[in-house]
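Asker: Using UniProt numbering, the first residue of the sequence shown is number 1, and each one after it goes up by one.
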Amino acid sequence: MTDFTDDASSSSSNRVSAQAHLRSGEFKKRKAGRKKFNETRHPIYKGVRQRCGKWVCELRQPDQKKSRIWLGTFTCPDMAARAYDVAALALKGESAALNFPHEASTLPRIASKCSVKDLQCAAAEAAEGFFEVEVKASGLEEKEEESRREVVYLDEEELFNMPGLIDSMAEGLILTPPAMQKGFNWNDFDDDMENAVDFSLWSD
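1. Assign Thr-73 to one of three DSSP states: helix, strand, or coil.
2. Closest to Glu-125 by CA distance: which of Arg-82, Pro-101, Glu-171 and Arg-49 is it?
3. Using a Cβ-Cβ cut-off of 6 Å (strictly less than) and excluding sequence neighbours within five positions of Ala-80, which residues of its own chain qualify?
4. Is Arg-109 near Leu-89, with beta carbons less than 8 Å apart?
5. Let me make sure I understand the geometry here. Which of Ala-97, Lys-117 and Ala-122 has the alpha-carbon closest to that of Leu-107?
6. Let me know if Asp-85 comes out buried or exposed under the rule of 16 or more other beta-carbons within 10 Å of its beta-carbon.
7. Do Lys-65 and Ala-97 have their beta-carbon atoms positioned less than 8 Å apart in this structure?
8. Helix, strand or coil for Lys-117, going by three-state DSSP, please let me know.
9. Roughly how many whole angstroms lie between the Cα atoms of Arg-68 and Leu-59?
10. Under the three-state reduction of DSSP, which class applies to Arg-82: helix, strand or coil?
11. Could you check which residue in His-42, Gly-93 and Ile-44 has the C-alpha nearest to that of Lys-113?
12. Measuring only the C-alpha atoms, how far is Ala-87 from His-102?
13. Have a look at Ile-166 and Leu-175 and give me their C-alpha separation to the nearest angstrom.
Structure, rendered in C-alpha coordinates:
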(Lines of atoms letter the chains of each structure in order from A and count residues from 1; the text may use other names and numbers.)
(Lines give C-alpha, C1' and ligand atoms only; values in the text may rest on other atoms or scores of the structure.)
Protein backbone atom coordinates (compact mmCIF):
# COMPACT_ATOMS: atom_id res chain seq x y z
CA MET A 1 0.00 0.00 0.00
CA THR A 2 2.80 2.36 0.87
CA ASP A 3 4.60 1.55 -2.43
CA PHE A 4 1.60 2.63 -4.46
CA THR A 5 1.32 5.94 -2.61
CA ASP A 6 5.06 6.53 -3.02
CA ASP A 7 4.82 5.94 -6.81
CA ALA A 8 1.85 8.26 -7.07
CA SER A 9 3.59 11.00 -5.12
CA SER A 10 6.79 10.66 -7.23
CA SER A 11 4.86 10.85 -10.52
CA SER A 12 2.96 13.91 -9.32
CA SER A 13 6.22 15.57 -8.24
CA ASN A 14 7.71 14.81 -11.69
CA ARG A 15 4.73 16.47 -13.35
CA VAL A 16 5.04 19.51 -11.12
CA SER A 17 8.78 19.83 -11.87
CA ALA A 18 8.15 19.47 -15.63
CA GLN A 19 5.49 22.16 -15.49
CA ALA A 20 7.88 24.39 -13.54
CA HIS A 21 10.56 23.88 -16.22
CA LEU A 22 8.08 24.77 -18.95
CA ARG A 23 7.04 27.90 -17.11
CA SER A 24 10.65 28.94 -16.54
CA GLY A 25 11.29 28.67 -20.29
CA GLU A 26 14.02 26.00 -20.28
CA PHE A 27 12.16 23.89 -22.85
CA LYS A 28 11.59 26.30 -25.72
CA LYS A 29 9.60 25.08 -28.67
CA ARG A 30 11.13 25.58 -32.11
CA LYS A 31 9.18 27.61 -34.61
CA ALA A 32 7.75 25.70 -37.54
CA GLY A 33 8.80 26.51 -41.09
CA ARG A 34 11.86 26.39 -43.32
CA LYS A 35 14.05 29.06 -41.86
CA LYS A 36 17.00 28.30 -44.13
CA PHE A 37 14.84 28.56 -47.24
CA ASN A 38 13.60 31.99 -46.21
CA GLU A 39 17.15 33.22 -45.66
CA THR A 40 18.42 32.07 -49.05
CA ARG A 41 15.46 33.32 -51.07
CA HIS A 42 16.10 36.44 -53.15
CA PRO A 43 14.45 39.52 -51.64
CA ILE A 44 13.09 40.80 -54.98
CA TYR A 45 12.96 38.08 -57.64
CA LYS A 46 10.35 35.33 -57.64
CA GLY A 47 11.48 31.71 -57.82
CA VAL A 48 15.13 32.58 -57.19
CA ARG A 49 17.23 31.53 -54.21
CA GLN A 50 20.91 31.24 -53.39
CA ARG A 51 22.70 27.95 -52.91
CA CYS A 52 26.45 27.36 -52.55
CA GLY A 53 27.30 30.84 -53.78
CA LYS A 54 25.21 30.54 -56.96
CA TRP A 55 21.60 31.29 -57.82
CA VAL A 56 19.08 28.56 -58.55
CA CYS A 57 15.67 28.89 -60.11
CA GLU A 58 12.60 26.71 -59.80
CA LEU A 59 8.92 27.15 -60.62
CA ARG A 60 5.89 25.63 -59.01
CA GLN A 61 3.54 23.85 -61.41
CA PRO A 62 0.06 25.41 -61.55
CA ASP A 63 -1.93 22.17 -61.06
CA GLN A 64 0.33 20.56 -58.46
CA LYS A 65 1.20 22.59 -55.39
CA LYS A 66 4.03 20.40 -54.10
CA SER A 67 5.84 19.66 -57.35
CA ARG A 68 8.35 22.14 -58.73
CA ILE A 69 10.18 22.40 -62.04
CA TRP A 70 13.92 22.83 -61.71
CA LEU A 71 15.14 25.46 -64.19
CA GLY A 72 18.87 25.44 -63.45
CA THR A 73 21.77 27.10 -61.64
CA PHE A 74 23.02 30.53 -62.69
CA THR A 75 25.90 32.85 -61.83
CA CYS A 76 23.79 35.92 -61.07
CA PRO A 77 20.22 36.45 -59.83
CA ASP A 78 19.18 38.42 -62.93
CA MET A 79 19.82 35.39 -65.15
CA ALA A 80 17.79 33.15 -62.84
CA ALA A 81 14.97 35.71 -62.77
CA ARG A 82 14.74 35.76 -66.57
CA ALA A 83 14.72 31.98 -66.68
CA TYR A 84 11.79 32.07 -64.26
CA ASP A 85 9.95 34.59 -66.46
CA VAL A 86 10.26 32.39 -69.56
CA ALA A 87 8.93 29.34 -67.71
CA ALA A 88 6.14 31.34 -66.05
CA LEU A 89 4.96 32.69 -69.41
CA ALA A 90 4.90 29.17 -70.84
CA LEU A 91 2.95 27.66 -67.94
CA LYS A 92 0.67 30.51 -66.85
CA GLY A 93 0.43 32.69 -69.93
CA GLU A 94 -0.14 36.43 -69.83
CA SER A 95 -1.51 36.25 -66.28
CA ALA A 96 1.89 35.19 -64.91
CA ALA A 97 3.56 37.44 -62.36
CA LEU A 98 6.97 38.20 -63.87
CA ASN A 99 10.18 39.54 -62.43
CA PHE A 100 10.63 41.83 -65.46
CA PRO A 101 7.13 42.56 -66.80
CA HIS A 102 8.38 45.39 -69.04
CA GLU A 103 10.58 42.88 -70.91
CA ALA A 104 7.84 40.30 -71.52
CA SER A 105 7.70 41.07 -75.26
CA THR A 106 11.43 40.35 -75.69
CA LEU A 107 11.33 36.94 -73.98
CA PRO A 108 11.05 33.77 -76.10
CA ARG A 109 7.59 32.15 -76.16
CA ILE A 110 7.17 28.39 -76.06
CA ALA A 111 4.09 26.18 -76.10
CA SER A 112 2.25 25.72 -72.83
CA LYS A 113 2.13 21.93 -73.31
CA CYS A 114 5.86 21.51 -73.82
CA SER A 115 7.95 19.02 -71.90
CA VAL A 116 9.97 19.87 -68.83
CA LYS A 117 13.22 19.51 -70.79
CA ASP A 118 12.02 21.97 -73.44
CA LEU A 119 11.04 24.40 -70.71
CA GLN A 120 14.45 24.07 -69.05
CA CYS A 121 16.27 24.57 -72.36
CA ALA A 122 14.25 27.68 -73.23
CA ALA A 123 14.84 29.15 -69.78
CA ALA A 124 18.59 28.47 -69.99
CA GLU A 125 18.80 30.04 -73.48
CA ALA A 126 16.99 33.16 -72.29
CA ALA A 127 19.34 33.48 -69.31
CA GLU A 128 22.45 33.01 -71.48
CA GLY A 129 21.15 35.54 -74.02
CA PHE A 130 20.66 38.08 -71.26
CA PHE A 131 24.18 37.37 -69.97
CA GLU A 132 25.71 37.95 -73.43
CA VAL A 133 23.81 41.23 -73.83
CA GLU A 134 24.95 42.35 -70.39
CA VAL A 135 28.58 41.49 -71.16
CA LYS A 136 28.46 43.45 -74.43
CA ALA A 137 26.80 46.41 -72.75
CA SER A 138 29.36 46.43 -69.94
CA GLY A 139 32.18 46.20 -72.50
CA LEU A 140 30.81 49.21 -74.38
CA GLU A 141 30.47 51.16 -71.14
CA GLU A 142 34.08 50.35 -70.22
CA LYS A 143 35.28 51.52 -73.64
CA GLU A 144 33.33 54.75 -73.30
CA GLU A 145 34.82 55.35 -69.87
CA GLU A 146 38.32 54.66 -71.20
CA SER A 147 37.80 57.09 -74.08
CA ARG A 148 36.64 59.74 -71.61
CA ARG A 149 39.66 59.12 -69.43
CA GLU A 150 42.13 59.39 -72.32
CA VAL A 151 44.59 62.23 -71.66
CA VAL A 152 46.10 64.13 -74.58
CA TYR A 153 49.87 63.67 -74.51
CA LEU A 154 51.72 66.98 -74.73
CA ASP A 155 55.40 66.82 -75.62
CA GLU A 156 56.86 69.73 -73.66
CA GLU A 157 60.37 69.13 -75.00
CA GLU A 158 59.16 69.59 -78.55
CA LEU A 159 56.91 72.51 -77.65
CA PHE A 160 59.56 74.54 -75.84
CA ASN A 161 62.55 73.19 -77.83
CA MET A 162 64.06 71.85 -74.62
CA PRO A 163 67.23 70.30 -76.15
CA GLY A 164 68.17 73.63 -77.76
CA LEU A 165 67.31 75.53 -74.59
CA ILE A 166 69.52 73.27 -72.46
CA ASP A 167 72.41 73.63 -74.93
CA SER A 168 72.17 77.42 -74.89
CA MET A 169 72.10 77.42 -71.07
CA ALA A 170 75.26 75.28 -71.01
CA GLU A 171 77.00 77.64 -73.43
CA GLY A 172 76.05 80.56 -71.21
CA LEU A 173 77.89 78.96 -68.28
CA ILE A 174 81.07 78.62 -70.33
CA LEU A 175 81.17 82.27 -71.48
CA THR A 176 83.31 84.81 -69.60
CA PRO A 177 81.29 87.41 -67.67
CA PRO A 178 81.31 90.91 -69.30
CA ALA A 179 83.10 92.61 -66.32
CA MET A 180 86.17 90.39 -66.71
CA GLN A 181 86.72 91.26 -70.37
CA LYS A 182 88.69 94.51 -69.46
CA GLY A 183 91.68 92.52 -68.28
CA PHE A 184 93.65 92.80 -65.04
CA ASN A 185 97.10 94.36 -64.36
CA TRP A 186 98.97 92.91 -61.40
CA ASN A 187 101.42 95.86 -61.25
CA ASP A 188 98.61 98.28 -60.49
CA PHE A 189 97.50 95.96 -57.75
CA ASP A 190 100.99 96.01 -56.12
CA ASP A 191 101.06 99.87 -56.06
CA ASP A 192 97.71 99.99 -54.43
CA MET A 193 98.82 97.53 -51.77
CA GLU A 194 101.85 99.70 -50.81
CA ASN A 195 99.70 102.80 -50.26
CA ALA A 196 97.04 100.83 -48.43
CA VAL A 197 96.49 101.33 -44.71
CA ASP A 198 96.32 98.32 -42.50
CA PHE A 199 93.04 97.94 -40.76
CA SER A 200 91.30 95.06 -39.12
CA LEU A 201 87.99 93.77 -40.18
CA TRP A 202 86.89 93.26 -36.60
CA SER A 203 86.99 95.84 -33.88
CA ASP A 204 88.27 94.83 -30.47
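Idealized CB from N, CA, C, for every residue including glycine. All figures in this text were calculated on a predicted structure; none of them were measured in a lab.
Answerer: If we stick to the structure as given:
1. strand
2. Arg-82
3. Val-48, Trp-55, Cys-57 and Phe-74
4. yes
5. Ala-122
6. buried
7. no
8. helix
9. 5 Å
10. helix
11. Gly-93
12. 16 Å
13. 15 Å
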